[in-house]
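Protein sequence lines correspond, in order, to chains A and B. Start counting the first sequence at 25; every next residue gets the next number (this note's numbering). Start counting the second sequence at 25; every next residue gets the next number (this note's numbering). Beta carbons are placed, not taken as given, at the ideal position from N, Cα and C, and that holds for glycine. See structure below.
2 protein chains.
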Amino acid sequence: MTKAECRNKLLEVGTQLFAERGLHGVSIRELSQSAEASISMISYYFGGKEGLYSAVLKEQFACFDEIEEIRQQGTDPVAMIEAYIRWTLQRHRNNPYLLRFYTSELTNPTPYFHSIVSPAIGKVIGILADIVEDGIRQGRFRKDVNAVNAVLALAGMVNYYVLSTLATEHLITHSPDLDEQLVHQYLAIFMGGIMSAEPQAEITAASGSADE
Amino acid sequence: MTKAECRNKLLEVGTQLFAERGLHGVSIRELSQSAEASISMISYYFGGKEGLYSAVLKEQFACFDEIEEIRQQGTDPVAMIEAYIRWTLQRHRNNPYLLRFYTSELTNPTPYFHSIVSPAIGKVIGILADIVEDGIRQGRFRKDVNAVNAVLALAGMVNYYVLSTLATEHLITHSPDLDEQLVHQYLAIFMGGIMSAEPQAEITAASGSADE
Numbered sequence: 025m026t027k028a029e030c031r032n033k034l035l036e037v038g039t040q041l042f043a044e045r046g047l048h049g050v051s052i053r054e055l056s057q058s059a060e061a062s063i064s065m066i067s068y069y070f071g072g073k074e075g076l077y078s079a080v081l082k083e084q085f086a087c088f089d090e091i092e093e094i095r096q097q098g099t100d101p102v103a104m105i106e107a108y109i110r111w112t113l114q115r116h117r118n119n120p121y122l123l124r125f126y127t128s129e130l131t132n133p134t135p136y137f138h139s140i141v142s143p144a145i146g147k148v149i150g151i152l153a154d155i156v157e158d159g160i161r162q163g164r165f166r167k168d169v170n171a172v173n174a175v176l177a178l179a180g181m182v183n184y185y186v187l188s189t190l191a192t193e194h195l196i197t198h199s200p201d202l203d204e205q206l207v208h209q210y211l212a213i214f215m216g217g218i219m220s221a222e223p224q225a226e227i228t229a230a231s232g233s234a235d236e
Numbered sequence: 025m026t027k028a029e030c031r032n033k034l035l036e037v038g039t040q041l042f043a044e045r046g047l048h049g050v051s052i053r054e055l056s057q058s059a060e061a062s063i064s065m066i067s068y069y070f071g072g073k074e075g076l077y078s079a080v081l082k083e084q085f086a087c088f089d090e091i092e093e094i095r096q097q098g099t100d101p102v103a104m105i106e107a108y109i110r111w112t113l114q115r116h117r118n119n120p121y122l123l124r125f126y127t128s129e130l131t132n133p134t135p136y137f138h139s140i141v142s143p144a145i146g147k148v149i150g151i152l153a154d155i156v157e158d159g160i161r162q163g164r165f166r167k168d169v170n171a172v173n174a175v176l177a178l179a180g181m182v183n184y185y186v187l188s189t190l191a192t193e194h195l196i197t198h199s200p201d202l203d204e205q206l207v208h209q210y211l212a213i214f215m216g217g218i219m220s221a222e223p224q225a226e227i228t229a230a231s232g233s234a235d236e
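Below you can see the structure in the form of structure tokens.
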């Protein structure tokens, strides 16, 4: 193994083992054996097990920065919310371990929660809340909508859809082929829920065709 | 300790340790030491560590059966959905460990997922989907609503609100005092999202007063 290969192998093995058993459930010996790298290599590249965990976590949550692209894409809050729903499904599709780190850090935070996870989630929620507040100012969303609570509802819809997969696969198919349908269904529910009476008819008409 | 006290102590200690570190992250020795009970008592009452974990899991998910009371309470789908939102917040308030078992079993299922967790979640989602389908048949909800996807959106809104607490406490207060406001906000969003045009005005008027 070259040095770069060794570092990548440690990240890969660490991602899988930490996702399955958490920071405290994995020993440095297991990491070293699974990656076929010496313990001193873990120290050299990451400063130890905690450093490797923190590097894995940074890699998992790096994609949250892409919310900036959604913010910069325009001024239409509905289009930005649609982009958020699609992007969130895509983040989980691209990264099957993300939800494990996400939920385990939120329910049993490690010392890296406050430096890595909380800022990543807080940034996305904050930007979405700004988008919803813009929509309220533009008169497109209801004045009585609480922006942060509404955004948590939106994030919850999309993340829980993915989270619930194992418990609901007898009820529906969670095939990625249906993701685009789901984007439009969830956009219709959320928009119906927060839009002012007038523009709401507009979005229902615009997105209705994609519903089942 | 009496026998009943010993059994309860083991359940209490097991709930806390398993919630924090999962089935595989806790040894039978730690359980025995933390509960001040012998390993043979764990075997006697639960047949071993796995049996104790399974008993803890059953206790955690027993409250999901209360969905039957919501189903039996009437025929108004909107009132039933409101009751579901309130009950779900309450389940988390009453039981601070529930979300850890819930998310860890969905992302890293143990052998007890299929016998305990999946049936409990599947039952709630199934009954809610029946309620939404009744609403569609009654003409109150839109015909193009996919009942299961809509119900996952609803469950996601409420569960994620609680799950996100640690990452969003700088943005909003998650005080239980605001739960009743949240019930009405989330009911308004969900109902706005799935109701037919006519009854929607009705629900907005009925619940609007509780929004901020």
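Beta carbon proximity, Thr-192/A to chain B, threshold 9 Å: yes
Where the alpha helix (DSSP H) containing Gln-209/B begins and where it ends: 203-218
Cβ-Cβ separation, Gly-217/B to Ala-212/A (assumed contact under 8 Å), whole Å: 7 Å
Assigned exposure category for Pro-120/B - 16 Cβ within 10 Å defines buried: exposed
Any C-beta of chain B under 9 Å from that of Asn-119/A: no
Segments assigned alpha helix (DSSP H), at least 4 residues, entirely inside the stretch 74-142 of chain B: 91-96, 101-118 and 122-131
Between the CA atoms of Lys-27/B and Ala-144/A - distance to the nearest angstrom: 48 Å
CA-to-CA distance, Leu-190/A to Met-25/A, given in whole angstroms: 37 Å
Counterpart residues of Phe-165/A in DSSP-defined beta bridges: Met-219/A
Simplified DSSP state of Arg-46/A, which is helix, strand or coil: Per the sequence presented here, residue 46/A reads as Gly, with Arg not at that position. In the structure shown, Gly-46/A sits in coil (DSSP, three-state: anything other than H, G, I, E or B).
Of the residues Leu-187/A, Ile-66/A, Ile-160/A and Asn-132/A, the one placed nearest Val-175/A, counting alpha carbons only: Ile-160/A
Straight-line Cα distance separating Pro-200/A from Gly-180/A: 18 Å
Contact list for Gly-98/A against chain B, beta-carbon separation under 8 Å: Within 8 Å Cβ-Cβ: nothing; Gly-98/A doesn't reach chain B, min ~23 Å.
Interface residues of chain A facing Tyr-136/B [CB-CB closer than 9 Å]: Result: empty, since nearest Cβ-Cβ is about 13 Å, beyond 9 Å.
Buried or exposed by the 16-neighbour rule on C-beta atoms within 10 Å, applied to His-138/A: exposed
Minimum Cβ-Cβ distance from Gly-159/B to chain A less than 9 Å: no
CB contact below 9 Å: Ile-66/A versus chain B: no
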